[in-house]
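Student: Got a structure here, written out as structure tokens. Questions coming.
Residue numbers (the UniProt record's numbering): 1 to 173.
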């Protein structure tokens, strides 16, 4: 269908512009995708949530944390209300929200969402030594570092390092 093809083209050009660092142009393309998908709902909430997630990520890159947070909360709400099939999607949304709160220096909220993500990851990832766990532990460690709880920061960062050393080859960048 022509509408889906148009959304796919905007998605592709938006991704390319994002990779080139042309965030304002990427935002325009993804807003076009969002508008197209919004007109089609309730047909495909998953694609709509994915587009909102991408917009949130672009706004993080632009350091527009309030807008990024709005989009990521909408993603979380959409997943809870309409998808509900993947706890890992909920974990990813909680993780993104925790990262945004870290950027906003709201460390209590950051830890709240990062720990929610951690619990979901621990429960639903295939194993504890997953690279996603390492990233989450590192993010938690960073927050503890910022609030000067260095022993906890070290604990989480060392756990992240241990996982990375187990699962990623030395040549991995």
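From the three backbone atoms N, C-alpha and C, an ideal C-beta is built for every residue, glycine too. Treat the numbers as computed from the prediction; the structure is a model and nothing was measured.
Shortest alpha-carbon distance to residue 26 belongs to which of 137, 34, 36, 13?
Tutor: Here the closest residue by C-alpha is 13.
Student: Taking C-alpha atoms, which residue in 152, 49, 136 lies nearest to residue 122?
Tutor: It is 136.
Student: Assign residue 139 to one of three DSSP states: helix, strand, or coil.
Tutor: Reduced to three states, the DSSP call for residue 139 is helix.
Student: Reducing DSSP to helix, strand and coil, say where residue 47 ends up.
Tutor: Note: residue 47 maps to helix in three-state DSSP.
Student: Could you tell me whether the region 76–90 touches the region 100–112, where touching means 3 or more Cβ pairs closer than 8 Å?
Tutor: Because the criterion of three Cβ pairs below 8 Å is not met, the region 76–90 and the region 100–112 do not touch.
Student: Check whether the Cβ atoms of residue 99 and residue 53 sit closer than 8 Å, and answer yes or no.
Tutor: The answer is no: Cβ separation not under 8 Å.
Student: Answer with buried or exposed for residue 184, where buried requires no fewer than 16 other C-beta atoms within 10 angstroms of its C-beta.
Tutor: Outside the displayed range of the chain (1 to 173) lies residue 184, so it cannot be described from this structure.
Student: What separation, rounded to the nearest whole angstrom, lies between the Cα atoms of residue 104 and residue 8?
Tutor: For residue 104 and residue 8, the distance between alpha carbons rounds to 33 Å.
Student: With the cut-off set at 8 Å, would you say residue 72 and residue 36 are in Cβ contact?
Tutor: No. Outside cutoff.
Student: What does the alpha-carbon distance come out to for the pair residue 2 and residue 168?
Tutor: Answer to the nearest angstrom: the Cα atoms are 42 Å apart.
Student: Return helix, strand or coil for residue 21, following the three-state DSSP convention.
Tutor: Three-state result, residue 21: coil.
Student: Taking only runs of the alpha helix (DSSP H) that begin and end inside the region 96–154, which ones reach a length of at least 4 residues, in chain order?
Tutor: DSSP runs (the alpha helix (DSSP H)) wholly in the region 96–154: 107–124, 131–146.
Student: Could you check if residue 57 is buried or exposed, using at least 16 other CB atoms within 10 Å of its CB as the buried criterion?
Tutor: Residue 57 is buried by the Cβ-count criterion.
Student: Can you find the residues in the same chain that come closer than 6 Å, C-beta to C-beta, to residue 82, ignoring five residues on each side of it along the sequence?
Tutor: Taken in chain order, the residues that qualify are 45.
Student: Here's a check: name, in chain order, each residue in its chain whose Cβ is nearer than 6 Å to the Cβ of residue 131, leaving out the five neighbours to either side.
Tutor: Hits under 6 Å: 167.
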